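Participant:
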Amino acid sequence: MQGIRVEGLKKCFGARTAVEGLSFEVAPGEVFGLLGPNGAGKTTTVRMLTGLLAPTAGRASLCGVELPLRSDDDGVTLRRRVGLLTEQPGLYDRLSIRENLEFFMRLNEVDEVQAWKLAHALLERFDLAGREDEPVGGFSKGMRQKLAIVRALVHSPEVVFLDEPTSGLDPQSGRVVRDAIAELAREGRTMVLCSHNLHEVERLCARVAVIKNTLRSVASLTELRREGLALDVMVEGEAAAWVKALERLPFTVGHQLDGSRLRVLLDREAQSPDVIACLVQAGARVHSAHRAARPLEEAYLDLVREAGDAS
Ligand SMILES: Nc1ncnc2c1ncn2[C@@H]1O[C@H](COP(=O)(O)OP(=O)(O)OP(=O)(O)O)[C@@H](O)[C@H]1O
Ligand SMILES: [Mg+2]
Numbered sequence: 000m001q002g003i004r005v006e007g008l009k010k011c012f013g014a015r016t017a018v019e020g021l022s023f024e025v026a027p028g029e030v031f032g033l034l035g036p037n038g039a040g041k042t043t044t045v046r047m048l049t050g051l052l053a054p055t056a057g058r059a060s061l062c063g064v065e066l067p068l069r070s071d072d073d074g075v076t077l078r079r080r081v082g083l084l085t086e087q088p089g090l091y092d093r094l095s096i097r098e099n100l101e102f103f104m105r106l107n108e109v110d111e112v113q114a115w116k117l118a119h120a121l122l123e124r125f126d127l128a129g130r131e132d133e134p135v136g137g138f139s140k141g142m143r144q145k146l147a148i149v150r151a152l153v154h155s156p157e158v159v160f161l162d163e164p165t166s167g168l169d170p171q172s173g174r175v176v177r178d179a180i181a182e183l184a185r186e187g188r189t190m191v192l193c194s195h196n197l198h199e200v201e202r203l204c205a206r207v208a209v210i211k212n213t214l215r216s217v218a219s220l221t222e223l224r225r226e227g228l229a230l231d232v233m234v235e236g237e238a239a240a241w242v243k244a245l246e247r248l249p250f251t252v253g254h255q256l257d258g259s260r261l262r263v264l265l266d267r268e269a270q271s272p273d274v275i276a277c278l279v280q281a282g283a284r285v286h287s288a289h290r291a292a293r294p295l296e297e298a299y300l301d302l303v304r305e306a307g308d309a310s
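Residue numbers (numbering that gives the first Met the number 0): 0 to 310.
(1) Quick one: Cα of M47 to Cα of L61, how far?
(2) Beta-carbon within less than 7 Å of E199's beta-carbon, same chain only, minus the 5 sequence neighbours each way: which residues are those?
(3) Given a cut-off of 8 Å on the beta-carbon distance, is the pair S155 and L117 in contact?
(4) Can you tell me the Cα-Cα spacing of A39 and L33, whole angstroms?
(5) Do L228 and L264 have their C-beta atoms within less than 8 Å of each other?
(6) Where does A283 sit, in a helix, a strand or coil, going by DSSP?
(7) Which partner residues of M233 appear in the DSSP bridge assignment?
(8) Which of helix, strand or coil does DSSP assign to C62?
(9) DSSP beta-bridge partners for K9?
(10) Specify the secondary structure class of V242 as computed by DSSP and reduced to three states.
(11) Keeping to the same chain, check which residues put their C-beta closer than 6 Å to that of G187; ignore five residues upstream and five downstream.
(12) Rounded C-beta distance between E19 and R4? I'm assuming under 8 Å.
(13) Taking just the CA atoms, how far does L203 sit from A14?
(14) Go to A120, then tell me how far its alpha helix (DSSP H) extends in each direction, as first and last residue.
(15) CB G74 to CB L68, shorter than 8 Å?
(16) Report the option in G7, V242 and C277 whose CA atom is closest to the CA atom of D257.
(17) Could you check where the beta strand (DSSP E) with M190 kicks off and where it finishes?
(18) Measuring CB atoms only, is the segment 88-101 touching the segment 49-57, in the sense that at least three cross pairs come out at less than 8 Å?
(19) For ligand 2, I want to know if K140 counts as a neighbour, meaning its beta carbon is within less than 7 Å of at least one of the ligand's heavy atoms.
(20) Given this structure, state the Cα-to-Cα distance separating E86 from H289, to the nearest angstrom.
(21) Select from A181, G50 and E163 the residue whose C-alpha is nearest the C-alpha of Q144.
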């Protein structure tokens with residue numbers, strides 16, 4: 000199986016640039032997170048990578064198909080190899096589960112026998128078995144979302160894009176969907192997950208791209224957190240003296256003092272003892288010190304904050 004390679008992808012809508020300068024790679028078997036605030040360009044990116052929207056510039060290749068698409072045949076190949084859960088489930092309300100799935104299978108010319116085998120297993124797993132002949136217009140939001148996920152997966156795609164897969168799902172269904180995503184990745188499929196749920200991202204993704212109309216970062220979660228290693232120290236004494244001493248340390252990235260709570264930002268974990276020694280030598284009374292866990296949320300917010308924006 001082949002993964003995804005994106006190079007300098009850009010999309011403009013009239014005068015507005017929705018995304019530009021997107022470059023990243025995703026390996027088969029990886030769950031890659033696409034993060035960014037509302038309007039950052041995540042859905043636009045997914046639509047370009049699934050052949051629904053022509054890029055303004057740049058290119059990509061996924062599961063052996065080049066974008067921009069070169070022919071209608073390439074479009075068909077792409078649709079067969081790629082699974083997509085869109086932001087809105089986009090189901091036909093008057094059709095039943097069976098008819099919705101059948102329509103999708105015929106449109107994409109997939110092997111229906113194989114696809115139905117998988118569909119039945121997925122419907123069972125997502126608690127929709129037994130409802131196959133009801134019109135989906137009468138389904139709850141979560142049921143529709145689960146059916147849309149089944150539809151994205153029935154043709155056993157090599158690459159799967161899931162735009163907010165667990166939005167609207169109850170905790171139990173959310174877990175079932177997350178387990179399914181992890182399992183699909185273990186099978187060697189390439190998974191791209193757009194999500195605002197950072198806990199979900201932490202559970203599923205090893206690497207993420209953070210975008211806000213431009214690419215802010217492509218990194219592993221470990222790298223993202225490491226950028227902000229911090230030591231929280233409860234200190235007492237003459238602040239001016241130890242602040243000066245801290246500034247002389249070659250490895251401290253910065254510090255914040257809030258009453259008697261001092262946060263020292265480091266560039267490596269092993270430096271904590273040196274910071275304590277430095278503070279003590281400078282006359283500080285150290286009451287406690289602990290490594291401040293840097294949640295993904297903090298790293299993410301730093302990346303998407305505008306330069307000069309203090310919020
Ligand atoms: N068809 C379109 N026509 C004009 N502008 C569009 C179109 N689609 C997207 N945009 C614009 O592109 C930008 C990115 O939108 P997009 O839907 O990709 O964001 P998103 O990251 O998916 O946001 P959300 O988290 O809210 O889903 C927005 O400014 C949006 O208004
Ligand atoms: Mg979106």
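In this text, a Cβ means the ideal position worked out from N, Cα and C, and glycines have one as well. All values derive from a computational prediction rather than experimental measurement.
Facilitator: On the basis of the data shown:
(1) 11 Å
(2) The answer, listed in chain order, is T165 and R177.
(3) yes
(4) 10 Å
(5) yes
(6) coil
(7) M233 is bridged to R260 and S287.
(8) coil
(9) A56
(10) Three-state DSSP puts V242 in a helix.
(11) M0, P27 and G28
(12) With 8 Å as the limit, E19 and R4 do not qualify as a contact, their Cβ atoms being about 17 Å apart.
(13) 36 Å
(14) E111 to R124
(15) yes
(16) V242
(17) T189 to C193
(18) no
(19) Set against 7 Å, the gap from the CB of K140 to the closest heavy atom of ligand 2 is not smaller.
(20) In this structure, the straight-line span from the alpha carbon of E86 to that of H289 is close to 41 Å.
(21) E163
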